[in-house]
Amino acid sequence: MQDVLADAGATPIPPEIGNRDRGYLPTNAIPDSLGLLPPPPADGSASFALDLIYAQKSFALRNTPAWALAIQDADLSFPNAASAYACALGVPVDEQHTPHLVKLLKKVKQDAGAATGAAKDRYKRPRPFMVNDARFCTPDDRARLEAGGSYPSGHNAIGMAWGLILAELVPARADAILARAQAFGLSRVVCNVHWYSDTVWGRYLGAYTVAKLHADRHFQDDLSQAKDELDDLSEEAVAPNRDCVAERAGIEAQKPLTQ
Numbered sequence: 001m002q003d004v005l006a007d008a009g010a011t012p013i014p015p016e017i018g019n020r021d022r023g024y025l026p027t028n029a030i031p032d033s034l035g036l037l038p039p040p041p042a043d044g045s046a047s048f049a050l051d052l053i054y055a056q057k058s059f060a061l062r063n064t065p066a067w068a069l070a071i072q073d074a075d076l077s078f079p080n081a082a083s084a085y086a087c088a089l090g091v092p093v094d095e096q097h098t099p100h101l102v103k104l105l106k107k108v109k110q111d112a113g114a115a116t117g118a119a120k121d122r123y124k125r126p127r128p129f130m131v132n133d134a135r136f137c138t139p140d141d142r143a144r145l146e147a148g149g150s151y152p153s154g155h156n157a158i159g160m161a162w163g164l165i166l167a168e169l170v171p172a173r174a175d176a177i178l179a180r181a182q183a184f185g186l187s188r189v190v191c192n193v194h195w196y197s198d199t200v201w202g203r204y205l206g207a208y209t210v211a212k213l214h215a216d217r218h219f220q221d222d223l224s225q226a227k228d229e230l231d232d233l234s235e236e237a238v239a240p241n242r243d244c245v246a247e248r249a250g251i252e253a254q255k256p257l258t259q
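In UniProt numbering, the protein residues as written are 1 to 259.
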């Protein structure tokens with residue numbers, strides 16, 4: 001397990017989440033996923049039946065713009081992950097234009113990812129592709145994905161934490177930002193690497209993490225500097241560093257999944 005926090009015995013980052021960078025929160029402030037979340041849906045339950053329905057619907061999205069978006073969203077490494085919300089924000093997000101925001105996103109990624117670790121380790125829920133033996137969008141990541149439990153979704157925890165923070169920073173674009181956060185999470189269902197219930201409870205953990213972050217002085221300082229960067233870019237009308245047409249097509253193509 002990776003030790004990513006400042007003190008010994010820190011909550012581990014799940015293996016699919018990433019590197020050894022440290023977040024803002026000390027170990028005792030990381031949300032307790034075991035205490036906050038119910039167990040994953042049991043076989044034969046109504047909740048698992050819904051998971052199976054979502055997984056079945058996702059099969060129709062192979063080789064569509066939603067599939068392409070899912071591949072892109074799967075990469076949580078930087079600099080790729082930094083620009084995930086650029087279109088929703090309407091500005092570029094990278095080291096050149098928004099260094100403080102990139103720093104904040106990296107650190108929040110560690111905290112939100114760590115919040116999922118205890119439940120993942122306890123339940124070790126098999127991922128959809130391990131059950132249905134169907135294609136998934138990042139086959140090169142098989143070993144890493146199989147090593148980490150499916151429940152709850154770390155991508156959804158991270159994506160929703162980012163979305164909530166960015167919506168706070170740019171309230172005028174909050175709806176677009178939160179819609180992107182939902183799409184970022186649904187990409188994991190499209191990819192066939194997470195069950196729908198994994199995504200739902202991952203989003204909850206992302207929100208819990210943001211609540212904890214607001215009590216951290218260093219987070220607040222970085223939040224203020226990130227806001228200044230985004231305000232300046234908005235005034236300059238600098239275009240996003242992302243293919244927003246392709247992203248919109250991917251989000252639109254996800255819609256049959258939830259209908």
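Just so it is clear, CB atoms sit at the ideal spot from N, CA and C, and this is done for glycine as well. Quantities reported herein were computed from a predicted structural model and do not represent experimental measurements.
Could you say which of the options lies nearest to residue i if we only look at CA atoms?
| i | options | result |
| --- | --- | --- |
| Ser197 | Asp121, Asp221, Gly163, Pro152 | Pro152 |
| Tyr123 | Lys103, Val108, Ala147, Gln110 | Ala147 |
| Ala29 | Leu230, Glu247, Leu205, Thr258 | Leu205 |
| Val108 | Gln182, Pro171, Leu166, Pro139 | Leu166 |
| Ile71 | Arg188, Phe78, Gly44 | Arg188 |
| Arg127 | Arg142, Leu34, Ala174, Glu236 | Arg142 |
| Ala174 | Gly90, Phe78, Asp75 | Gly90 |
Confirm, please, whether the CB-CB distance from residue j to residue i is below 8 angstroms.
| i | j | result |
| --- | --- | --- |
| Ala84 | Ile177 | no |
| Ala115 | Ala60 | no |
| Leu213 | Leu25 | yes |
| Ala161 | Val193 | no |
| Gln254 | Ala66 | yes |
| Ala118 | Leu233 | no |
| Lys106 | Asp222 | no |
| Trp195 | Ala46 | no |
In whole angstroms, what is the alpha-carbon distance linking residue i and residue j?
| i | j | result |
| --- | --- | --- |
| Asp228 | His218 | 16 angstroms |
| Gln225 | Val93 | 14 angstroms |
| Lys103 | Arg242 | 19 angstroms |
| Pro39 | Asn63 | 33 angstroms |
| residue 312 | Cys191 | Beyond the ends of the chain as shown, which are 1 and 259, falls residue 312; an answer cannot be given. |
| Phe184 | Ile251 | 9 angstroms |
| Leu5 | Asp111 | In this predicted model, Leu5 has a pLDDT of only 32, less than 50, meaning its place in the structure is not dependable enough to derive any value. |
| Val131 | Leu230 | 43 angstroms |
Contact defined as beta carbons within less than 8 angstroms: I believe residue i pairs with residue j. What is the distance between those atoms, to the nearest angstrom?
| i | j | result |
| --- | --- | --- |
| Leu37 | Trp201 | 5 angstroms |
| Leu257 | Lys57 | 5 angstroms |
| Ile100 | Val238 | Looking at the sequence shown, residue 100 is not Ile but His. Contact flag wrong, Cβ pair sits at about 16 angstroms. |
| Ala68 | Ala246 | 7 angstroms |
| Ala181 | Gly163 | 3 angstroms |
| Cys137 | Ala74 | 6 angstroms |
Using a C-beta cutoff of 8 angstroms, does residue i count as contacting chain C?
| i | result |
| --- | --- |
| Phe59 | As a matter of chain content, chain C is missing from the structure shown, which is built from one protein chain. |
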